[in-house]
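**Q** Structure provided below as structure tokens; questions to follow.
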């Protein structure tokens, strides 16, 4: 009798529409994935809300991860303007900046750096965005990163830095970017300074 009453009243969410069973954060991330502007704007309409930094419970990705992965400069900038934190890493330690670097998405790299992305953040293997750019021989992106404070001497888990990786292949254009930065005073100096 009680079971029949529970089913008849819909207690426990059994008869609730499927969409009503999802959290606001899930709905927000789905709206971002679908580029549903009106749903995203509605979700962000509460100025006290932190929904813009909602993370996917499985992957740890944020809305910025989603927009950067699809190389969408407009949506990325919109989310940053609405308070998205560019330094939230997914479950693998990958930030939106590292994703933008991996994809060669220079506009995304610029937007993220201009909005406070840490150019020295490391992923689960200790790689920085500059190390990733060095592996990819992405000269323009490496320059952007260095101009915004990326440390060419920060080592990954193997003990190698972007400088070390660039020096393994003298043809890597990132080596020239690092050396040019050294000459301009962003320098890496070996040994004691002599005045």
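Numbering (mature numbering (1 follows the signal peptide of the UniProt record, and there is no 0)), first residue to last: -20 to -1, 1 to 175.
Built from N, CA and C at the ideal position, the CB exists for glycine as well.
Assign residue 37 to buried or exposed, taking buried as 16 or more other Cβ atoms, counted over all protein chains shown, within 10 Å of its Cβ.
**A** exposed
**Q** Please classify residue 143 as buried or exposed, where buried requires at least 16 neighbouring CB atoms within 10 angstroms.
**A** buried
**Q** Mind the definition here: the region 98 to 106 touches the region 115 to 122 only if three or more C-beta pairs lie below 8 Å; say whether that holds.
**A** Judged by Cβ distances under 8 Å, the region 98 to 106 makes no contact with the region 115 to 122, as fewer than three pairs qualify.
**Q** Determine the burial state of residue 100: buried for a count of at least 16 other Cβ atoms within 10 Å of its Cβ, exposed for fewer.
**A** exposed
**Q** Near residue 155, which residues of its chain fall below 7 Å by C-beta distance, leaving aside the five closest residues on each side in sequence?
**A** 146, 147
**Q** Helix, strand or coil: how does DSSP classify residue 155 here?
**A** helix
**Q** Starting from residue 109, trace the alpha helix (DSSP H) in both directions and tell me its first and last residue.
**A** 109 to 116
**Q** How is residue 8 classed by DSSP in three states: helix, strand or coil?
**A** helix
**Q** Using only the alpha-carbon positions, how far apart do residue 11 and residue 150 sit?
**A** 46 Å
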